[in-house]
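In my numbering, the protein residues as written are 6 to 67.
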């Protein structure tokens, strides 16, 4: 079972009440990028090397 790393709510950007849909979308993008950055920091070295190997491998499409 994997231990999930919990991001403290204090570190996340808070949604604001009011505003327009465009502003909400921008806030959502910012929060998603924060979450993605913290996930990338917690990746193991082995998993990163595996992704690099897969990306450098010659792909055959059709």
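Glycine included, every Cβ here is placed at the ideal spot set by N, Cα and C.
What did DSSP end up calling residue i once you bin it into helix, strand or coil?
i	result
residue 22	coil
residue 64	coil
residue 13	coil
So the candidates are the options; which of them puts its Cα closest to the Cα of residue i?
i	options	result
residue 22	52, 66, 32	32
residue 13	62, 46, 27, 40	40
residue 35	16, 51, 57, 59	16
When the Cα atoms are used, what is the spatial distance from residue i to residue j?
i	j	result
residue 38	residue 66	31 Å
residue 29	residue 64	38 Å
residue 27	residue 11	28 Å
Using 8 Å as the limit for Cβ to Cβ distance, is residue i near chain D?
i	result
residue 41	The structure shown has no chain D; it contains just one protein chain.
At what residue ranges does the stretch 33-63 contain a whole run of the alpha helix (DSSP H), taking only runs of 4 or more? At a cut-off of 4 residues, the continuous stretches assigned as alpha helix (DSSP H) that sit fully inside the stretch 33-63 are 50-61.
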